[in-house]
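There are 2 protein chains.
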Amino acid sequence: MRNTSQRELVYKVVMQSSDHPGADAVYERARKIMPKISMGTVYRNLKQLAETGKIREIRISDNYNRYDKTLQVHAHFCCRVCGKVTDVPVEGGIKGPGSGFGGKLESTDILFGGVCEECIVCGKEGA
Amino acid sequence: MRNTSQRELVYKVVMQSSDHPGADAVYERARKIMPKISMGTVYRNLKQLAETGKIREIRISDNYNRYDKTLQVHAHFCCRVCGKVTDVPVEGGIKGPGSGFGGKLESTDILFGGVCEECIVCGKEGA
DNA sequence: GCTTTAATAGTAATAGTTACTGATAGCAAA
DNA sequence: TTTGCTATCAGTAACTATTACTATTAAAGC
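Chains as they are written, first to last, in the working numbering: chain A, 174 to 300; chain B, 174 to 300.
So, in structure tokens, the structure goes:
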């Protein structure tokens with residue numbers, strides 16, 4: 174894998190983002206530094222960085238991939254009102270499949286949904 | 174919501190499937206009973222049934238929605254070799270966000286990834 | 001510097017899903 | 001039962017996120 178300035182930038186953008194950005198958001202942020210970078214390059218590098226374990230790809234209920242700088246296994250909470258995604262701890266820690274599971278566990282993704290504290294306080298939680 | 178034969182069929186197909194089918198698989202199975210049913214109808218009804226809580230929409234790391242007849246909160250395991258999705262128990266039961274979370278929890282999705290027992294036994298687990 | 005070739009910009013293509021349109025049929029009231 | 005309203009349907013076009021393609025560019029080793 175060659176060390177190109179584009180790949181380095183995509184990586185840096187993800188590492189500096191704590192809001193779990195999608196490819197479009199990474200593209201917008203990268204364009205501010207390198208205006209000629211192309212969307213395809215962003216997609217390719219995000220995928221490649223995720224495959225090599227440099228960043229993490231996460232999947233929320235909206236229909237696009239998001240990227241996460243945090244590599245260790247952790248849970249996410251996605252607010253259905255404001256759409257914000259945040260890291261949250263899990264009560265008692267994150268556990269694997271219970272007894273009876275004979276496969277090989279390689280990844281764990283936990284996603285909570287609901288309304289975040291901020292939206293409740295502002296009274297935006299809706300019906 | 175009107176009780177149409179198409180909607181009833183889509184619902185029945187999901188209820189009779191234990192393999193967490195995607196829209197295309199539901200379409201194929203529905204076509205065997207009602208050959209003129211359209212893809213759009215399948216999509217619309219799956220979405221509507223999920224929104225009204227009759228079935229559950231789940232999201233695996235491959236890029237399409239799957240549907241689940243089981244309404245109660247449960248975890249899934251997706252084998253990266255054969256692609257099969259199965260229900261699995263979680264060690265110690267399924268927990269919510271830990272203390273410090275002040276929002277409203279409405280949904281929990283847990284997805285394990287790896288290689289299933291069957292693929293390990295058959296020696297298909299790859300590198 | 002020169003060569004090799006992975007990676008790039010730009011664009012076309014794909015896949016899953018949703019929206020649109022005229023026709024159909026479920027349901028309620030007459 | 002018949003009529004009217006309109007949600008839903010089949011069929012198709014459109015849309016969005018993502019991937020593939022192609023000529024060009026630029027890392028990295030010699």
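Backbone N, C-alpha and C fix where the C-beta goes; we use that ideal spot for every residue, glycine too.
Item                                                                                                          : Value
I293 (chain B) and I283 (chain B) closer than 8 angstroms at C-beta                                           : no
Beta carbon proximity, C289 (chain A) to chain B, threshold 8 angstroms                                       : yes
Identity of the residue in B:G287, B:S272 and B:T225 nearest M174 (chain B) by Cα                             : B:T225
Helix, strand or coil at T259 (chain A) [DSSP, three-state]                                                   : strand
K220 (chain B) at chain A interface by Cβ criterion, 8 angstroms                                              : no
Residues from the region 240–266 of chain B in contact with chain A, defined by Cβ distance under 8 angstroms : A248, F250, C252, R253, V261, P262, V263, E264 and G265
Extent of the continuous alpha helix (DSSP H) run through I283 (chain A)                                      : Note, I283 (chain A): premise wrong, no alpha helix (DSSP H); beta strand (DSSP E) at K277 to V288.
Minimum Cβ-Cβ distance from R217 (chain A) to chain B less than 8 angstroms                                   : no
For R232 (chain A) and H239 (chain A), the rounded distance between their alpha carbons                       : In the sequence under discussion, the amino acid at residue 239 (chain A) is Arg, which differs from the His named in the question. Those two C-alpha atoms are separated by around 6 angstroms.
C-alpha distance - T301 (chain A) paired with N176 (chain B), whole-angstrom precision                        : Here chain A has residues from 174 to 300 only, and residue 301 (chain A) is not among them.
Cβ of T225 (chain A) within 8 angstroms of any chain B Cβ                                                     : no
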